[in-house]
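In my numbering, the protein residues as written are 1 to 168.
Below you'll find the structure, written out as structure tokens, and then a few comments.
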Amino acid sequence: MKNLSSLLLLLALISLPAWAQTREDQIKTAFVYQFIRYVEWPQPLSTARVAVIGEGEFADALMSLEGRDADGVRIEVHPVTDMAELGGYDVVFVSHSRASQIPAILEQLRGKPVLTVSDSPGFCKVGGGIELTELQNRLRYRVAREALSQAGLKPGDALLKSALTDPQ
């Protein structure tokens, strides 16, 4: 019986990081949903086309937004491998697994009304729009207002209220 208890405890401990990761991915996905709600594009959106670049559990979790409605804006989520397609999207999420491609992606999207989001550290410092980050064991996000302005996007007050300040 003691071996069974030990086995159950071990299984619980092994699955804990997976549960925590899933929870983190759900929170990040909720953030992306809120970004769609609280960012204003130059032309109002009826559909927000979200490109997902990269692999991983969070990229998979973003797919759960497919078909959802964000204040009258229908969300479409597409995994993208061809970088030439990015200009046709309203939101581009770049996974930290593709951090090496971030400069080229941002250069390709420069001046286009595309919200760029990543969970890669330093994303806002290199010109990205919104960076998902962890601070003091809490998931937070950083908004680079200058990058959004250059893309013709306007972050709403509700979004800025909870954001970390722009990187210096």
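Ideal placement from N, C-alpha and C gives every residue a C-beta, glycine not left out.
This one's a predicted model, so the numbers in the text were calculated from it and none came from an experiment.
Other residues of its chain near residue i: CB distance less than 7 Å, five sequence neighbours each side excluded
i: R98; result: I53 and G54
i: S120; result: V94, H96, A99 and I102
i: F123; result: I102 and E131
Cβ shell of residue i (< 6 Å), same chain only, five flanking positions each side left out
i: F58; result: D25 and K28
i: L10; result: Any reading at L10 must be qualified, since the residue scores a pLDDT of 34, below 50, and its modelled position is unreliable; the value itself is stated next. Closer than 6 Å at the Cβ level, and outside the excluded window around L10, lies no residue.
i: G156; result: Y38
i: E66; result: V77
i: T22; result: none
i: K112; result: G87
i: R68; result: I75
Best match in the options for proximity to residue i [C-alpha to C-alpha]
i: I75; options: P155, A151 and Y33; result: Y33
i: Y89; options: G122, K161 and Q108; result: Q108
i: P44; options: G152, L160, S162 and A163; result: G152
i: T116; options: R145, R140 and T165; result: R145
i: R140; options: T165, K125 and S64; result: T165
i: K125; options: Q136, N137 and L106; result: L106
i: S64; options: P42, D82, A30 and M83; result: A30
Residues bridged to residue i [DSSP beta-bridge criterion]
i: E131; result: S118 and R142
i: L164; result: R142
Beta carbon of residue i nearer than 8 Å to that of residue j
i: E131; j: R142; result: yes
i: S95; j: G127; result: no
i: V114; j: V92; result: yes
i: A70; j: I36; result: yes
i: A51; j: V73; result: no
i: G129; j: A147; result: yes
i: E40; j: K154; result: yes
beta-carbon residue i near the ligand SAM non-hydrogen atom, thresh 7 Å
i: T133; result: As far as ligands go, the structure on display features none, and thus does not contain the ligand SAM.
Sequence-distant residues of its chain with Cβ nearer than 8 Å to residue i (five each side left out)
i: E85; result: A51
i: A48; result: I36, A70, V73, R74, I75, E76, D90 and V91
Pick out the complete beta strand (DSSP E) segments inside the stretch 26 to 112, 3 residues or longer, and give them in chain order. Entirely contained in the stretch 26 to 112, the beta strand (DSSP E) runs reaching 3 residues are, in chain order, 47 to 53, 73 to 79 and 91 to 94.
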